[in-house]
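Undergrad:
Chains as they are written, first to last, in my numbering: chain A, 194 to 303; chain B, 2 to 114.
1. Consult DSSP for residue 273 (chain A) and reduce its assignment to one of helix, strand or coil.
2. Can you confirm whether residue 102 (chain B), when its beta carbon is compared against all beta carbons of chain A, has any partner nearer than 7 Å?
3. Just confirm the distance between the C-beta atoms of residue 242 (chain A) and residue 227 (chain A), as a whole number of angstroms; I'd bet it's less than 8 Å.
4. Taking Cβ-Cβ distances below 7 Å as the criterion, which residues of the region 284-297 of chain A are in contact with chain B?
5. Which runs of the beta strand (DSSP E) spanning at least 3 residues fall entirely within the region 212-283 of chain A, listed in chain order?
6. Could you pull out every residue in the same chain whose Cβ sits closer than 6 Å to the Cβ of residue 13 (chain B), ignoring the five residues on either side in sequence?
7. Helix, strand or coil for residue 25 (chain B) per DSSP?
8. Residues of chain B with CB closer than 8 Å to the CB of residue 236 (chain A), please, in chain order.
9. Are residue 270 (chain A) and residue 301 (chain A) close, meaning C-beta to C-beta below 7 Å?
10. Using only the alpha-carbon positions, how far apart do residue 230 (chain A) and residue 287 (chain A) sit?
11. Report the three-state DSSP secondary structure of residue 70 (chain B) (helix, strand or coil).
12. Quick check on residue 11 (chain B): buried or exposed, where buried means 16 or more other Cβ atoms within 10 Å of its Cβ?
13. Could you give the residue range of the beta strand (DSSP E) that holds residue 88 (chain B)?
14. If contact means a Cβ-Cβ distance below 7 Å, which residues of the region 206-226 of chain A contact chain B?
15. In the DSSP assignment, find the beta strand (DSSP E) that holds residue 207 (chain A) and state where it starts and stops.
16. For residue 49 (chain B) and chain A, any beta-carbon pair shorter than 7 Å?
17. Classify residue 234 (chain A) as buried or exposed, calling it buried when 16 or more other Cβ atoms lie within 10 Å of its own Cβ.
18. Spell out a yes or no on whether the region 67-80 of chain B and the region 277-286 of chain A are touching, meaning 3 or more CB-CB pairs, one atom from each, closer than 8 Å.
19. Return the Cβ separation of residue 216 (chain A) and residue 198 (chain A) in integer angstroms, given the expectation that the two are a contact with Cβ distance under 8 Å.
20. Quick one: what's got a C-beta closer than 8 Å to residue 201 (chain A)'s C-beta in the same chain, skipping five residues either side?
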């Protein structure tokens, strides 16, 4: 069983749409959770950390459900510039060791 | 200076060549990482250095040899690579190995002929 399961998509949505991604993890000892964004042929960049209480950053909302072992990312009012691959990431009990999902590809069309 | 730099941006090498990838950061970070990323796949961790000492080696073949000569610099020496080693090689750093948020460099796109 993979450490992280993530729907690869692709998700194709019009501008202004709301889109949600989920990601499940198998290691119940996971300590920290993140969403990274990776543009085509570029490096991953941190989008936001995910906290148990849920957190919001502008149009982006992240949630963590420890009981069901999943995290989610909601993007409201999608922009063309949101087109990218979104990677869910978590850290287990080993310092320095991050586990990456395979990424969900999002395309926002005009 | 809040970035991680990597050189070269692109590298093409033959299977008998020896080459090196370089990664540099001047943020005072004490942990540095090498990842390999194939197309449409997530980054795969290769090595982690903490305070210039190797902390994690993810069973990487010996044709990849990391080196951390000082706290700002991380090298990856390549020798006798295979075509399947062609990938994007990403370097990252964190203030400490216990810090979760990783800052990635732009990567070196390697092609092995």
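All C-beta atoms in this analysis are idealised placements derived from N, C-alpha and C, irrespective of residue type, glycine included. Treat the numbers as computed from the prediction; the structure is a model and nothing was measured.
TA: Reading off the structure:
1. Residue 273 (chain A) sits at position 80 when you count from the first residue of the first chain. Helix, per DSSP.
2. Position 101 of the second chain holds residue 102 (chain B). For residue 102 (chain B), the answer is yes, since a Cβ of chain A falls inside 7 Å of its Cβ.
3. Numbered from its first residue, the first chain carries residue 242 (chain A) at position 49. Numbered from its first residue, the first chain carries residue 227 (chain A) at position 34. About 5 Å; that satisfies the 8 Å criterion.
4. 284, 288, 289, 290, 291, 293, 294, 295, 296
5. 212-218, 225-231, 237-243, 248-250, 253-258, 263-268
6. In the second chain, counting from the first residue as 1, residue 13 (chain B) sits at position 12. Here the set comprises 112.
7. Indexing the second chain from 1 puts residue 25 (chain B) at position 24. DSSP places residue 25 (chain B) in strand when its eight states are reduced to three.
8. What you label residue 236 (chain A) is simply residue 43 of the first chain in a count that begins at 1. Result: 91, 105, 106, 107, 108.
9. Numbered from its first residue, the first chain carries residue 270 (chain A) at position 77. Numbered from its first residue, the first chain carries residue 301 (chain A) at position 108. No, Cβ-Cβ distance for residue 270 (chain A) and residue 301 (chain A) is not below 7 Å.
10. Your numbering for residue 230 (chain A) matches position 37 in the first chain. Your numbering for residue 287 (chain A) matches position 94 in the first chain. Those two C-alpha atoms are separated by around 23 Å.
11. In the second chain, counting from the first residue as 1, residue 70 (chain B) sits at position 69. Reduced to three states, the DSSP call for residue 70 (chain B) is strand.
12. As a working mapping, residue 11 (chain B) is identified with position 10 in the second chain. Its Cβ having fewer than 16 others within 10 Å, residue 11 (chain B) is exposed.
13. Residue mapping note: residue 88 (chain B) aligns to position 87 of the second chain, counting from 1. 88-95 is the span of the beta strand (DSSP E), which, as asked, contains residue 88 (chain B).
14. 225
15. In the first chain, counting from the first residue as 1, residue 207 (chain A) sits at position 14. It spans 204-207 - the beta strand (DSSP E) in which residue 207 (chain A) sits, taken as one unbroken run.
16. As a first step, residue 49 (chain B) is located in the second chain; it is residue number 48 there, counting from the start. Yes, residue 49 (chain B) lies at the interface with chain A (some Cβ there is under 7 Å from its Cβ).
17. The residue you call residue 234 (chain A) lines up with position 41 of the first chain. That one is exposed.
18. no
19. Locating residue 216 (chain A) in the first chain gives position 23, where the first residue counts as 1. Locating residue 198 (chain A) in the first chain gives position 5, where the first residue counts as 1. Sure, about 7 Å apart at Cβ, within 8 Å.
20. Counted from its first residue, the first chain places residue 201 (chain A) at position 8. Once the five neighbours on either side are set aside, the close Cβ partners of residue 201 (chain A) are 295, 296, 297, 298.
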